[in-house]
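Colleague: Before we start, here is the structure in question, set down as structure tokens.
Number of protein chains: 2
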Amino acid sequence: MSTKPHSSEVPRVTEILSRYIVNSKPADVPEPVKREALRSFLNWMGCAVGGSQHETIDRALATLTEFAGKPTSTLIGRSERIDALNAALLNGMASHVFDFDDTHLNTIIHPAGPVAPAILALAQRQPISGADLLHAFIIGVEVECRIGNAVYPAHYDIGWHITGTAGVFGAAAAAGWLLKLDERQMRWALGTAGTQSSGMREMFGTMCKSFHPGRAAQNGLMSALLAARNFTSSERVLEAPRGFAHVMSTARDFSRITDGLGASYEIALNTYKPFACGIVIHPAIDGCVQLRNEHALKGDDIESIELSVHPLVLELTGKKTPRTGLEGKFSVYHSCAAAILWGAAGESEYSDACVQNPVAVALSQRVVANAVAGIREDEVRISLRTRDGRTLTKHVAHAKGSLERPMSDAELEEKFRRLCDGVLPPQQTEALIQKCWGLADLADAADVIRAAAKS
Amino acid sequence: MSTKPHSSEVPRVTEILSRYIVNSKPADVPEPVKREALRSFLNWMGCAVGGSQHETIDRALATLTEFAGKPTSTLIGRSERIDALNAALLNGMASHVFDFDDTHLNTIIHPAGPVAPAILALAQRQPISGADLLHAFIIGVEVECRIGNAVYPAHYDIGWHITGTAGVFGAAAAAGWLLKLDERQMRWALGTAGTQSSGMREMFGTMCKSFHPGRAAQNGLMSALLAARNFTSSERVLEAPRGFAHVMSTARDFSRITDGLGASYEIALNTYKPFACGIVIHPAIDGCVQLRNEHALKGDDIESIELSVHPLVLELTGKKTPRTGLEGKFSVYHSCAAAILWGAAGESEYSDACVQNPVAVALSQRVVANAVAGIREDEVRISLRTRDGRTLTKHVAHAKGSLERPMSDAELEEKFRRLCDGVLPPQQTEALIQKCWGLADLADAADVIRAAAKS
């Protein structure tokens, strides 16, 4: 990576990327990529339904309704409707509030959150086919992940929540493609998006975390709409000496944005979480669930659990005594206790009640996590000592949900059903699953989001 | 300045500042400070009226109307009304679009732009007295400028447009005070504002520049409204290792935020521009206008103009051949040509026509600017050679509009009238001037913004 701030030889990255976006078309994309996009979309929609009842959404909606525009747009999992820009915000928030959405492992971006709600809001504004919506989704994910690739990990290490900071470009690109922006307008859309790029990791564990992808969706959509009216911005927001990659990162590799455009697709590298928390804890949860099931362990059986983990586990999820469900997601200790006690780490195991459960609290105190050099992010080694003197070990080479051990379509559907449980009637859930799988064949893409409204 | 990123001894800056904000009251503020706040407010309002007809506002309004909420709020200088959040955005944009608004010289923040439109929008939502509005304005400016002081110049040097990045905190603080947030809610308001802090200098010369203070006003207002509904964020956004001062600056001095709170007021250091462009060119324009008037110079008389300037002049305003009015504001060359040709550098001298005027273009090519060590930002030395062989010199120690040579109240009023000319009828302009001076005595602060609507 070059750290040189003012190279005169910087390629015209924004121009190249904008040209690619406006010229891309559905027929260019291989079928397996489209299939992975559908899996991403399905997973995202389930997360949005599941998160739609969260108090984070309640409070934001209660605040914003007073100022909102015409109720043209569906709020997923809810009966209220709102204007397109606020729908992009609130649906984006809902999809991330459980931290259960998709992950682009190279960058830890949650790709769907900023993109899908922006383009679904557009689909309720103007006629858009399902095939075009899916293509815009693929393009949006491509743009945000390529920009993420160019600055990760330096950008993330500074403290930026990359789903927000890179996501806003993805939303602008996807919305801009649907709005048929010309090349210059697309550069403006990316510029106006980029100058709103924001969101700090400091917010993790608070309502602002899910606010980030929601705001990225809303701001990116707004940027594309402004560009369509010839609202100007810098035309080289990515590469300029005072542009995104220099201002918001200490290192950058512009070739990661432009090399192989159209030949490879980042959405093909998307992954889906079996557990409702930060992905870095998944190997530990996976391993603890396996040990529990293989040895019929109960909480009282456990003397100690020692984890050898990637350093990021402690950095991101080192909360020793979480107080709320939200904080529990940032605690490898509670997560492992939940895995042993309940054999799962779904949304309910991250309720306030479960996080405050005395048995879980006591067990979590007996979990020790050590950062070990050479352990990958999707790997864990567990050494569990039982009170009767046994030492049980488990090596998870690749956690469930990783690229090497992906969730199957059936597992994604089952996750979707659990997320919709209690929000939508079962028959509506099944119909929504079918609408998602059939997205590319819909004459009117808005059908899929209308099918997600609570009646 | 400390560059140590993870000190355990970092003071609880966000907590201290939040406590100060919620406990502050109008009676605490000395009268001269309130008087300067009124001058700031008057100057801001004139700029907002003047900028209200700009195509930047037209395009943004045309885009956003479709999604806007109930038209509760005045758009300054226009007949349309819009919801409070969009009014904060658009009025903030209008006030900065001419680059003619106030400047806090220590940080180059334009303090009023992010704060005034946020609280005026609130004043059309709920009963707020003029005295309270003025106090909120003072507090908002205090907060943004103190945060700016803590990170300037490192933060600005990275490429952040500090009016946007620090301004959002000011808007949140001012709106939060009016909403009577408690201490914890105020920490949340600052946190939600801070995680939206954004805006890059790369956008200078495009429509996105004025978008920054507008968006800061809107986002800060939204953050305070969310906090009033207990929407949570980090409670130490300023000082946390992954908070604003570490993520968005390479150096910081937290004492600049907390020392002397309530004893000194940043708004007392506010300045107002006699020229409609970046403040760093003001000494050069001032000097050229003086030379022109003293020697009755015409464009054809000039062989060359050599300027000795602070390095920032070239960095910020080095555009040799601007093509548009907006770009002309970032050209010390055009600005000096205008000063010689027309004896002024108001908004009309930065029209596209004036910037493209062949005589102005030719004269601007005969201007040379040299960055000279030891020249202050508000200083210039000019050596002008005439075609008939004379060498005329001028040393401006402090430009007109600086703290040392402030604009008088009468000059501020005259500037206001010129800005309103062609937008509001003269009698409305005079009434608006009186409303601004009398702000603190208004029972209903909304009177002042209603008086700024085009009928």
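Just so you know, the sequences run in chain order A and B.
Residue numbering for the first sequence is 1 to 455, as defined by my numbering.
Residue numbering for the second sequence is 456 to 910, as defined by my numbering.
We put the CB at the ideal spot given by N, CA and C, even for glycine.
1. Does DSSP put residue 82 of chain A in a helix, in a strand, or in coil?
2. Would you call the segment 465 to 472 of chain B and the segment 512 to 519 of chain B touching, i.e. three or more CB-CB distances under 8 Å?
3. State the DSSP-derived secondary structure class of residue 719 of chain B, mapped to helix, strand or coil.
4. Secondary structure at residue 45 of chain A, three-state DSSP: helix, strand or coil?
5. Does DSSP put residue 789 of chain B in a helix, a strand or coil?
6. Taking DSSP as the reference, what is the three-state secondary structure of residue 370 of chain A?
7. What separation, rounded to the nearest whole angstrom, lies between the Cα atoms of residue 10 of chain A and residue 239 of chain A?
8. Would you mind giving the Cβ-Cβ distance between residue 423 of chain A and residue 52 of chain A, rounded to the nearest angstrom? I have them listed as a contact below 8 Å.
9. Measuring only the C-alpha atoms, how far is residue 456 of chain B from residue 606 of chain B?
10. Please tell me whether residue 117 of chain A and residue 228 of chain A are closer than 7 Å, where the distance is taken between their beta carbons.
11. With a Cβ-Cβ cutoff of 7 Å, do residue 93 of chain A and residue 254 of chain A count as a contact?
12. Take residue 395 of chain A as the anchor and find which of A:34, A:389 and A:376 has the nearest alpha-carbon.
13. Just the chain B side, please: which residues come within less than 8 Å of residue 459 of chain A by C-beta, in chain order?
14. Quick one: what's got a C-beta closer than 6 Å to residue 78 of chain A's C-beta in the same chain, skipping five residues either side?
15. List, in order along the chain, the chain B residues whose C-beta lies closer than 7 Å to that of residue 159 of chain A?
16. Could you spell out where the alpha helix (DSSP H) holding residue 469 of chain B opens and where it closes?
17. In the DSSP assignment, the alpha helix (DSSP H) including residue 870 of chain B goes from what residue to what residue?
18. Is the Cβ-Cβ distance between residue 503 of chain B and residue 531 of chain B less than 7 Å?
19. Could you spell out the range, first to last residue, of the beta strand (DSSP E) harbouring residue 849 of chain B?
20. To which residues of the same chain is residue 360 of chain A closer than 7 Å at the C-beta, ignoring the five residues directly before and after it?
21. Along the chain, where does the beta strand (DSSP E) that runs through residue 764 of chain B open and close?
22. At a Cβ cut of 8 Å, what residues of the segment 670 to 683 of chain B count as close to chain A, listed as they run along the chain?
23. The alpha helix (DSSP H) spanning residue 888 of chain B covers which residue range?
24. If we ignore side chains and look at the alpha-carbon of each, how far apart do residue 761 of chain B and residue 495 of chain B end up?
25. Taking its Cβ as the centre, do 16 or more other Cβ atoms sit within 10 Å of residue 650 of chain B, making it buried, or is it exposed?
26. Between residue 192 of chain A and chain B, is any beta-carbon pair separated by less than 7 Å?
27. Is the Cβ of residue 69 of chain A closer than 7 Å to any Cβ of chain B?
28. Looking at the C-beta of residue 706 of chain B, does it have a partner C-beta in chain A at a distance below 7 Å?
29. The beta strand (DSSP E) with residue 382 of chain A in it runs from where to where?
30. Strictly below 7 Å CB to CB, what residues from chain A border residue 654 of chain B?
31. Residue range of the alpha helix (DSSP H) that residue 358 of chain A falls in?
32. In chain B, which residues lie with their C-beta within 8 Å of the C-beta of residue 59 of chain A?
33. Can you list the residues of chain A that residue 517 of chain B reaches, using a CB-CB cut of under 7 Å?
34. From the DSSP secondary-structure annotation, give me the bridge partner or partners of residue 523 of chain B.
35. Using CA atoms only, rank isn't needed, just tell me which of B:689, B:706 and B:656 is closest to residue 234 of chain A.
36. Does any CB atom of chain B fall closer than 7 Å to the CB of residue 31 of chain A?
Modeller: Put simply:
1. On the first sequence, residue 82 of chain A is found 82 positions in, with the first residue counted as 1. Residue 82 of chain A: strand per DSSP, three-state reduction.
2. no
3. In the second sequence, the residue the question calls residue 719 of chain B occupies position 264. Strand, per DSSP.
4. As a first step, residue 45 of chain A is located in the first sequence; it is residue number 45 there, counting from the start. In the structure shown, residue 45 of chain A adopts helical secondary structure according to DSSP, grouped into three states.
5. Start at 1 with the first residue of the second sequence, and residue 789 of chain B comes out as number 334. The answer is helix: DSSP assigns residue 789 of chain B an H, G or I state.
6. The sequence position of residue 370 of chain A within the first sequence is 370, counting from 1. If DSSP states are grouped into helix, strand and coil, residue 370 of chain A belongs with the strands.
7. Counted from its first residue, the first sequence places residue 10 of chain A at position 10. Counted from its first residue, the first sequence places residue 239 of chain A at position 239. Cα-Cα distance, rounded: 7 Å.
8. The residue labelled residue 423 of chain A in the question sits at position 423 within the first sequence. The residue labelled residue 52 of chain A in the question sits at position 52 within the first sequence. Contact holds; Cβ gap of about 6 Å.
9. Taking the second sequence and counting its residues from 1, one reaches residue 456 of chain B at position 1. Taking the second sequence and counting its residues from 1, one reaches residue 606 of chain B at position 151. Confidence is the limiting factor: at residue 456 of chain B the pLDDT is only 39, short of 50, which leaves the residue's position unreliable, though a coordinate-based value still follows. Distance between the alpha carbons of residue 456 of chain B and residue 606 of chain B: 9 Å.
10. Locating residue 117 of chain A in the first sequence gives position 117, where the first residue counts as 1. Locating residue 228 of chain A in the first sequence gives position 228, where the first residue counts as 1. No, the Cβ-Cβ distance between residue 117 of chain A and residue 228 of chain A is not below 7 Å.
11. As a first step, residue 93 of chain A is located in the first sequence; it is residue number 93 there, counting from the start. As a first step, residue 254 of chain A is located in the first sequence; it is residue number 254 there, counting from the start. No. Outside cutoff.
12. Taking the first residue of the first sequence as position 1, residue 395 of chain A is located at position 395. From the listed residues A:34, A:389 and A:376, the smallest Cα separation to residue 395 of chain A is found for A:376.
13. Look at the range of chain A in this structure, 1 to 455, and you will see that residue 459 of chain A is not part of it.
14. Reading the first sequence from its first residue, position 78 is the one you call residue 78 of chain A. 52 and 454, listed in sequence order.
15. The residue given as residue 159 of chain A occupies position 159 in the first sequence. Within chain B, the residues 697, 701 and 702 have their CB atoms less than 7 Å from the CB of residue 159 of chain A, given in chain order.
16. As a first step, residue 469 of chain B is located in the second sequence; it is residue number 14 there, counting from the start. Here the alpha helix (DSSP H) through residue 469 of chain B covers 468 to 478.
17. For this step, residue 870 of chain B is matched to residue 415 along the second sequence. Looking at the DSSP string, the run of the alpha helix (DSSP H) that includes residue 870 of chain B is 864 to 875.
18. Here the question's residue 503 of chain B lines up with position 48 in the second sequence. Here the question's residue 531 of chain B lines up with position 76 in the second sequence. Their beta carbons are under 7 Å apart, which means residue 503 of chain B touches residue 531 of chain B by this criterion.
19. As a position in the second sequence, residue 849 of chain B is number 394, starting the count at 1. Residue 849 of chain B -> beta strand (DSSP E) spans 846 to 851.
20. For this step, residue 360 of chain A is matched to residue 360 along the first sequence. The beta carbon of residue 360 of chain A lies closer than 7 Å to those of 334, 337, 338, 341 and 354 in the same chain, with the five residues before and after it left out.
21. On the second sequence, position 309 is the one that residue 764 of chain B refers to. Boundaries of the beta strand (DSSP E) harbouring residue 764 of chain B: 757 to 764, taken from the DSSP string.
22. 670, 677, 680, 681 and 683
23. Your numbering for residue 888 of chain B matches position 433 in the second sequence. Judged by DSSP secondary structure, residue 888 of chain B falls within the alpha helix (DSSP H) whose first and last residues are 881 to 892.
24. Counting from one through the second sequence, the residue named residue 761 of chain B turns up at place 306. Counting from one through the second sequence, the residue named residue 495 of chain B turns up at place 40. Answer to the nearest angstrom: the Cα atoms are 34 Å apart.
25. Position 195 of the second sequence, counting from 1, holds the residue named residue 650 of chain B. Burial call: buried.
26. Within the first sequence, residue 192 of chain A is the residue found at index 192, counting from 1. So, interface residue.
27. Your numbering for residue 69 of chain A matches position 69 in the first sequence. Proximity of residue 69 of chain A to chain B, defined by a Cβ-Cβ separation below 7 Å, is satisfied.
28. Counting from one through the second sequence, the residue named residue 706 of chain B turns up at place 251. For residue 706 of chain B, the answer is no, since every Cβ of chain A falls outside 7 Å of its Cβ.
29. Here residue 382 of chain A refers to the residue found at position 382 when the first sequence is read from its first residue. Looking at the DSSP string, the run of the beta strand (DSSP E) that includes residue 382 of chain A is 380 to 386.
30. By 1-based counting over the second sequence, the position of residue 654 of chain B is 199. Within 7 Å Cβ-Cβ: 195.
31. Here residue 358 of chain A refers to the residue found at position 358 of the first sequence. Looking at the DSSP string, the run of the alpha helix (DSSP H) that includes residue 358 of chain A is 358 to 364.
32. The count along the first sequence starts at 1 and reaches residue 59 of chain A at position 59. Those within 8 Å of residue 59 of chain A in chain B are 681, 684, 685 and 686.
33. Counting from one through the second sequence, the residue named residue 517 of chain B turns up at place 62. What residue 517 of chain B touches in chain A: 229.
34. Taking the second sequence and counting its residues from 1, one reaches residue 523 of chain B at position 68. Residue 523 of chain B pairs with A:68.
35. Counted from its first residue, the first sequence places residue 234 of chain A at position 234. If we check each option's Cα against that of residue 234 of chain A, B:656 comes out closest.
36. As a position in the first sequence, residue 31 of chain A is number 31, starting the count at 1. False, the Cβ-Cβ gap to chain B never drops below 7 Å.
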